[in-house]
Amino acid sequence: MPHRPRIIAHLDMDAFYASVELLRYPELQGMPVVIGGGSRQQPVWEVDPATGMQRRRFARLHDYVGRGVITTATYAARAFGVNSAMGL
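Here the sequence shown is numbered in this note's numbering, starting from 3 and rising by one per residue.
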């Protein structure tokens, strides 16, 4: 059996879920985003009173009520000291 070189890949899976949400909701690009809590915190559509256009309204961390932990955070959120496994 021929000797094959060992290949090691380092994957940053810590920010994976946050990256997926940024793909789903591109309007969040560049904003501090945390992933955690329950599925009840889905974005809802609302009408912008200034433009009359529909936009998504996302849950805010300071409005969260309940028990949970942060699964992951974007690098923009990490700049504020937010990390995985922090309590919500």
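Note that beta-carbon positions come from the ideal geometry of N, C-alpha and C, so glycine has one too.
These figures come from a predicted structure and were not determined experimentally.
Among the options, nearest to residue i - alpha-carbon criterion
i, options, result
"Ala81", "Phe18, Pro34, Arg8 and Leu13", "Pro34"
"His64", "Leu90, Leu24 and Arg8", "Leu90"
"Asp50", "Asp14, Arg58 and Pro7", "Arg58"
Enclosing beta strand (DSSP E) for residue i [first to last residue]
i, result
"Val22", "Segment Phe18 to Arg26 is the alpha helix (DSSP H) holding Val22; no beta strand (DSSP E) there."
"Arg57", "Gln56 to Arg59"
"Glu29", "Neither: Glu29 is in no beta strand (DSSP E) and is coded neither H nor E."
Beta-carbon spacing of residue i, residue j below 8 angstroms
i, j, result
"Ala75", "Asn85", "yes"
"Gly38", "Gly70", "yes"
"Val36", "Ile9", "no"
"Tyr27", "Pro45", "yes"
Opposing strand residues paired with residue i [DSSP bridges]
i, result
"Ala81", "DSSP lists no partner for Ala81."
"Ile9", "Answer by DSSP bridge pairing: none, since Ile9 is not bridged."
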